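Trainee: For the sequence shown, the UniProt record's numbering assigns the number 1 to the initial residue and increments by one for each residue that follows.
We put the CB at the ideal spot given by N, CA and C, even for glycine.
Here the structure is a predicted model, which means the values were calculated and not measured.
Would you mind keeping the following structure in view while I ask a few things?
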Amino acid sequence: TLKSFLGYLVLPIWEGTTNVLSLDVLRSISKSQGLVLKAFHADVSNKLSRACAFRPALKVIKEKVQSSMNTLLSPKNYELLSDSLPARDVAFSLARIYMASLLIEHASWEEAEEQDVEAAK
Numbered sequence: 001t002l003k004s005f006l007g008y009l010v011l012p013i014w015e016g017t018t019n020v021l022s023l024d025v026l027r028s029i030s031k032s033q034g035l036v037l038k039a040f041h042a043d044v045s046n047k048l049s050r051a052c053a054f055r056p057a058l059k060v061i062k063e064k065v066q067s068s069m070n071t072l073l074s075p076k077n078y079e080l081l082s083d084s085l086p087a088r089d090v091a092f093s094l095a096r097i098y099m100a101s102l103l104i105e106h107a108s109w110e111e112a113e114e115q116d117v118e119a120a121k
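Take a look at the structure:
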């Protein structure tokens with residue numbers, strides 16, 4: 001059908017876009033000699049360390065996000081962080097970690113509501 005044909009034409013464009021953007025992430029990691037990852041780690045760690053002051057219920061998810069970040073950025077994965085084949089997975093993992101840290105940061109705000117905490121979980 002026409003709809004599936006148009007979808008067939010559009011999918012490679014979108015797929016190509018995420019791959020190009022993912023390769024840009026790897027390029028910035030390489031070009032900065034890993035400094036962008038150190039900045040990323042520092043920013044996420046800072047957000048997580050300030051979290052939970054008002055919401056102890058966030059402790060478990062905070063630990064999961066911290067663990068995911070430490071695993072992704074561990075020395076055993078340095079090769080992964082410079083290989084173009086898993087670039088998309090790396091970029092998406094970095095994005096998910098950062099989004100989770102933002103949700104946790106928001107949910108730990110003293111004026112946050114219970115649905116903010118649930119969204120962070």
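1. What do you get for Arg-50, buried or exposed, if any count of 16 or more other CB atoms within 10 angstroms of its CB means buried?
2. Report all residues from its chain with a CB closer than 7 angstroms to the CB of Pro-86; omit the five preceding and five following residues, and keep chain order.
3. For the alpha helix (DSSP H) containing Leu-73, name the first residue and the last one.
4. In chain order, what residues of the same chain lie with their CB nearer than 8 angstroms to the CB of Leu-21, ignoring the 5 residues before and after it?
5. Since Ile-97 contacts Ser-68 with CB under 8 angstroms, what's their CB separation in whole angstroms?
6. Would you mind working out which of Thr-17, Leu-37, Asp-24, Asn-19 sits nearest Asn-77, comparing C-alpha positions?
Mentor: So, to answer that:
1. exposed
2. Leu-80
3. Unbroken run through Leu-73: none, as it is neither H nor E.
4. The residues are Ala-91.
5. 6 angstroms
6. Leu-37
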